[in-house]
Amino acid sequence: MLLSKIIKTLDDWCPPCDAEEFDNVGLLVGELQSEITKAVITLDITDDIIDECISVEANLIISFHPLFIVDPKTNDMDDRINKYIIRCLNDNINVYCIHTNLDNNSLGTSYQLGKILNIKNQSILINNENNKLKGIGTIGIMNRSMNDYDFLEFLKEKLNLKYLRHSKLINKKIKKIAMLSGSGSFAIDYAILKKADCFISADFKYHDFFKPNKKILIIDIGHYESERHIKETILNYLNKKIPKFACIIAKSKTNPVNYF
Ligand SMILES: [Zn+2]
Numbered sequence: 009m010l011l012s013k014i015i016k017t018l019d020d021w022c023p024p025c026d027a028e029e030f031d032n033v034g035l036l037v038g039e040l041q042s043e044i045t046k047a048v049i050t051l052d053i054t055d056d057i058i059d060e061c062i063s064v065e066a067n068l069i070i071s072f073h074p075l076f077i078v079d080p081k082t083n084d085m086d087d088r089i090n091k092y093i094i095r096c097l098n099d100n101i102n103v104y105c106i107h108t109n110l111d112n113n114s115l116g117t118s119y120q121l122g123k124i125l126n127i128k129n130q131s132i133l134i135n136n137e138n139n140k141l142k143g144i145g146t147i148g149i150m151n152r153s154m155n156d157y158d159f160l161e162f163l164k165e166k167l168n169l170k171y172l173r174h175s176k177l178i179n180k181k182i183k184k185i186a187m188l189s190g191s192g193s194f195a196i197d198y199a200i201l202k203k204a205d206c207f208i209s210a211d212f213k214y215h216d217f218f219k220p221n222k223k224i225l226i227i228d229i230g231h232y233e234s235e236r237h238i239k240e241t242i243l244n245y246l247n248k249k250i251p252k253f254a255c256i257i258a259k260s261k262t263n264p265v266n267y268f
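Counting with the working numbering, you get residues 9 to 268 for the letters of the sequence shown.
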């Protein structure tokens, strides 16, 4: 299958123009005319992912996080990233990134997290200024309310989490849930504004945990853990649109964070 056809299918779903300005989505390594034998879907690109690609004879990596974002001020390329690019080029592996253009899809990354938690009536948490049908984060309600302690237990079990971090318990029933997959501390105020009982996201800093000020329970489930489900969403979409195309989810774990 021609890479240009696969890219067209993905772009029809999540146009690259929907990505955030800082992002770097689309074809990052390779050629549109490549004949693709198999694709591997991953959150990140590592040596293990490239090894896996070679061992299963795949020549396309569909990555959620961009392989690189070049800082125009320095034009520097990280040494580690440079090695990955050279490896991909040497082994004829194409690299395509679908990231914040999928976050901004109303059925995208955060919505899918909500679906796992069985959150109903989901709507976008922060609407795109130019297109109200798009935006990041999601907010919705649970079928039944839970006390905050039970909700944390529920979250750990449903998302298979080893650890989570949370702000002070607020002794309030949790029913209205806001979520933002990935780094979401900037959205805490939006979740408070929309009167969510809790906000689930990742990468909160120490001082962020003071922000809720008893108004909301904020929960950091980990960056990788808040996004890992999206690989399946991409796979399901491609299987539906191009059923004959061989596409698999990478087996290698790419989470750079380890827990002890
Ligand atoms: Zn991320």
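Cβ coordinates follow ideal geometry from the N, Cα and C atoms, glycine included.
Remember, it's a predicted structure, so these values are computed and weren't measured experimentally.
Within the same chain, Cβ atoms closer than 7 Å to the Cβ of Y267 are found at K170, Y171, the five residues on either side in sequence being excluded.
The segment 117–126 and the segment 36–44 do not touch, with fewer than three beta-carbon pairs separated by less than 8 Å. Cβ neighbours of H107 within its own chain (closer than 7 Å, five residues either side excluded): A27, D31, V33, F72, H73, P74. According to the DSSP assignment, T54 belongs to no beta strand (DSSP E), since it is labelled neither H nor E. Taking the C-beta atoms as reference points, I182 is found no nearer than 8 Å to I208. Using a cutoff of 7 Å, the CB of H231 counts as near ligand 1, since one of the ligand's heavy atoms is closer than that.
Here the C-alpha atom of P264 lies approximately 10 Å from the C-alpha atom of H231. Contact between the segment 189–202 and the segment 145–153 is present: three or more C-beta pairs spanning the two stretches fall below 8 Å. Distance from the Cα of I178 is smallest, within the candidate group K219, N168, H215, for K219. Under the 10 Å beta carbon count, Y214 is surrounded by fewer than 16 other beta carbons and is classified as exposed. Put simply, the backbone Cα of G116 is about 5 Å away from that of L110. In the three-state scheme derived from DSSP, where H, G and I count as helix and E and B as strand, N90 is classed as helix.
Per DSSP, A195 lies in no beta strand (DSSP E) segment and is marked neither H nor E. Between the alpha carbons of E240 and A66 lies a gap of roughly 18 Å.
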